[in-house]
Amino acid sequence: ENYRAQYTLARLLLSFLKTEIIWVFACINYLTVLTGLGFRPGLGTFFLPITMLIIFVTVAIYFFQAFQNR
Numbered sequence: 532e533n534y535r536a537q538y539t540l541a542r543l544l545l546s547f548l549k550t551e552i553i554w555v556f557a558c559i560n561y562l563t564v565l566t567g568l569g570f571r572p573g574l575g576t577f578f579l580p581i582t583m584l585i586i587f588v589t590v591a592i593y594f595f596q597a598f599q600n601r
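Residues 532 to 601 (our numbering) are what the sequence shown spells out, left to right.
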């Protein structure tokens with residue numbers, strides 16, 4: 532019965548990560564167009580740290596819930 536909960540959590544993690552990565556690529560695409568048009572100097576200083584933080588928080592929440600469901 533535990534494998535069902537772990538499987539559900541893993542599927543949920545993959546769904547969230549896929550959605551986050553799609554949004555990251557959409558933001559990169561949008562900011563690249565703005566940079567090409569001369570409205571921005573680049574992606575910005577905080578783009579990478581914020582992106583990594585969002586992904587790591589998602590994975591941390593998954594591990595927290597997975598250990599609770601052991």
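Glycine included, every Cβ here is placed at the ideal spot set by N, Cα and C.
DSSP, read as helix, strand or coil, puts Arg571 in coil. Annotation: Phe577 is outside any alpha helix (DSSP H) and is labelled neither H nor E by DSSP. Between Val555 and Thr582, the C-beta gap is smaller than 7 Å, which places the two residues in contact. Between the beta-carbon of Leu574 and that of Ile553 there is about 17 Å, and that puts the pair past the 8 Å contact cut.
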